[in-house]
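Presented below is the structure to which this report refers.
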Amino acid sequence: MEGGIHENLLEDEAKSSFLKNKIWNETKRLWVVAGPAILIPFSTFGIHVISQAFIGHFSSMQLAAYALVFTVIFRIVLGVQLGMVNGVGTLCGQAFGAKQYHKLGVYLQQSCIILLVASALLTPMFIFAAPILKTLGQDHEIADVAGDFALWFVAVSFLYAVLYSCNSFLQSQSKNFVLSFFAVVSLLAHIFFSWLLSVKLGFGVTGVMVSTVLSYVIPNVGQIVYITSGGCRETWKGFTALAFEDLGRTIKLSVSSGVMICLEFCYNTVLILLAGNMGNAEVTIDALSICLNISGWALMIAFGFMAAASVRVSNELGRRDAKAVKFSILMAVGTSFSIGLVLFVCFLVYGENAAYVFTNSEEVAGAVAHLSPLLAFTLLLNSVQPVLSGKRSPLSLLSIEICKCMRKKMNIV
């Protein structure tokens, strides 16, 4: 009798130990992919969140104006650029998979040409931002201030064109460490320079915008130096006239992709425009933009786990292990949901305090506090929905090859 009980206890302990090891190994596999997939967009999007936080402490009017430019004007331009570079990214991935390495350098140059021309064509949106926003029914005083901010985004849009092109080129080759490194460095540099220029040296909002531009110059210069100085020997053979050959096909692919992504990006744009047409537009835009930025920043975590789930499911399907597929999905959803649950509780309890990161206005903080329950539930739902969607995105293309390399380094079976 005692022997049977002892055997059952040993069996239970063995099962418990096996489950713990299984969870630990799957967690490591998930974070190998999710880490870079979270870090890169989290840092890039974080630059604008930091800018908004500094600007909001100078004036509620300027906070509303910045939100209008970023969410309405710049977001449309960003959607076009992101969509167009996705088209070129597909070509880069196909060329790398087919071992036609010389084509990647050509596609990089074509991408830069296409996106820089697109940025030039869209520049009038920034120049005439004030009259455009007034036509859309926004408060005239806020629109005038937004027009001043918009001019700074001309430089940012051109820098984004080069940044997206280099990102796509490096991502197709699994150079994720390089991307992560420059993304984090640029975010940290932005925090430092924003404080130095706007607070310490007293340049105010101008200092924040100078820092914003610099934060995109840094990764651009770093990635270009890395690419051209031997970091991509097989895929970068120097500047070539071949970039102008068959450019029409690449443009068609980029434009069709750009239109689709741009339409997806218009969701938040519509919300901010509606907020601007309500009473007390300044406070309404401030509060809504703060909530949207927090939600957008947190969403990067879920997108990272979406990428991880996609890669892990692909790996296990390749091994034809249905149980492992289910376990990978459960782990990805569970981990993302756990983070979402922590954020849910934090914003449900401390929602009003969170607003003071972005503003000194008690009125705006009160409006954010009023929206905090909705924000908390949004964060919770967004932590699960993207992971369950199961569709691949540019984030999920952070590469199965890098996973294999990292698995070996971390001794993951």
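So for the sequence shown, the UniProt record's numbering puts the first residue at 1; every next one is plus one.
Think of the CB as a built atom: it goes at the ideal place given N, C-alpha and C, for glycine as much as any other residue.
Taking the alpha helix (DSSP H) that F347 falls in, what are its first and last residues?
Counting from 1 along the sequence shown, the entry for residue 347 is found at position 347. That run of the alpha helix (DSSP H) goes 322 to 355.
Three or more C-beta pairs under 8 Å: does that hold for the stretch 96 to 112 against the stretch 321 to 337?
Touching, no, given that fewer than three Cβ pairs across the two stretches are closer than 8 Å.
Rounded to the nearest angstrom, how far is the Cβ of G46 from that of T359, given a contact under 8 Å?
Taking the sequence shown and counting its residues from 1, one reaches residue 46 at position 46. Taking the sequence shown and counting its residues from 1, one reaches residue 359 at position 359. That pair is no contact at about 18 Å.
State the start and end residues of the unbroken alpha helix (DSSP H) segment that holds F358.
Residue 358 sits at position 358 when you count from the first residue of the sequence shown. F358: not part of any alpha helix (DSSP H); DSSP gives it neither H nor E.
Would a check of beta-carbon distances place D286 closer than 7 Å to chain B?
The structure shown contains no chain B; it is built from a single protein chain.
V342: which of I127, S383, L136, F203 sits nearest, CA to CA?
Residue 342 sits at position 342 when you count from the first residue of the sequence shown. The shortest C-alpha separation from V342 is found at S383.
Applying the criterion that 16 or more other CB atoms from any shown protein chain within 10 Å of the CB defines a buried residue, is Y350 buried or exposed?
Along the sequence shown, read from residue 1 onward, the residue named residue 350 stands at position 350. Burial state of Y350 is exposed, judged by a 10 Å Cβ sphere holding fewer than 16 other Cβ atoms.
Measure the beta-carbon distance from S165 to L91 and round it to whole angstroms, keeping in mind my assumption that it falls under 8 Å.
To locate residue 165, count along the sequence shown from 1; it is residue 165. To locate residue 91, count along the sequence shown from 1; it is residue 91. Wrong, their Cβ atoms sit about 12 Å apart, outside the cutoff.
Please name the residue in A189, R249, L292, V178 whose C-alpha comes closest to that of S211.
In the sequence shown, counting from the first residue as 1, residue 211 sits at position 211. The option with the nearest alpha carbon to S211 is A189.
Put L136 into one of helix, strand or coil per three-state DSSP.
Locating residue 136 in the sequence shown gives position 136, counting from the first residue. Coil at L136, not helix or strand.
Among F337, V49, F239, whose alpha-carbon lies nearest the alpha-carbon of I113?
In the sequence shown, counting from the first residue as 1, residue 113 sits at position 113. With distances taken between Cα atoms, I113 lies closest to F239.
Count the other C-beta atoms from every protein chain shown that fall within 10 angstroms of the C-beta of residue 447, then say buried if there are 16 or more, exposed otherwise.
Shown here, the chain extends from 1 to 413; a query on residue 447 therefore has no answer.
Return the chain-ordered list of same chain residues with a C-beta closer than 7 Å to the C-beta of A150, the five sequence neighbours on each side being excluded.
In the sequence shown, residue 150 corresponds to position 150, counting from 1. The residues are V69, I73, F126, A129.
Beta-carbon gap between L115 and A143 smaller than 7 Å
Within the sequence shown, the letter at position 115 stands for residue 115. Within the sequence shown, the letter at position 143 stands for residue 143. Result no, Cβ atoms of L115 and A143 do not sit closer than 7 Å.
Boundaries (first-last residue) of the alpha helix (DSSP H) holding I76:
Within the sequence shown, numbered from 1, the residue matching residue 76 stands at position 76. Where I76 is concerned, the enclosing alpha helix (DSSP H) stretches over 75 to 97.
On a Cα-Cα basis, can you pick out the residue from V364, F305, L274 that is closest to L133?
As a first step, residue 133 is located in the sequence shown; it is residue number 133 there, counting from the start. Checking every option, the nearest Cα to that of L133 belongs to L274.
Hey, how far is the Cα of S361 from the Cα of S60?
For this step, residue 361 is matched to residue 361 along the sequence shown. For this step, residue 60 is matched to residue 60 along the sequence shown. A direct Cα-to-Cα measurement between S361 and S60 gives close to 7 Å.
Looking at the structure shown, is R392 part of a helix, part of a strand, or coil, going by DSSP?
Along the sequence shown, one-based indexing puts residue 392 at 392. Here R392 scores only 43 on pLDDT, less than 50, and its place in the model should not be relied on; the value that follows carries that caveat. Residue state, collapsed to three classes: coil.
Any contact between the stretch 214 to 227 and the stretch 81 to 95? By contact I mean 3 or more CB pairs, one from each, below 8 Å.
Because the criterion of three Cβ pairs below 8 Å is not met, the stretch 214 to 227 and the stretch 81 to 95 do not touch.
Residues in its own chain within less than 6 Å of Q94 by CB, not counting five upstream and five downstream?
By 1-based counting over the sequence shown, the position of residue 94 is 94. For Q94, there are no CB contacts under 6 Å within the same chain when 5 residues up- and downstream are skipped.
Would you say the beta carbon of Q385 is closer than 6 Å to some non-hydrogen atom of the ligand MG?
Absence of the ligand MG from the depicted structure is noted, as is the absence of any ligand whatsoever, leaving it without description.
State yes or no: is the C-beta of V357 within less than 7 Å of the C-beta of A53?
For this step, residue 357 is matched to residue 357 along the sequence shown. For this step, residue 53 is matched to residue 53 along the sequence shown. Taking 7 Å as the Cβ cut-off, V357 and A53 qualify as a contacting pair.
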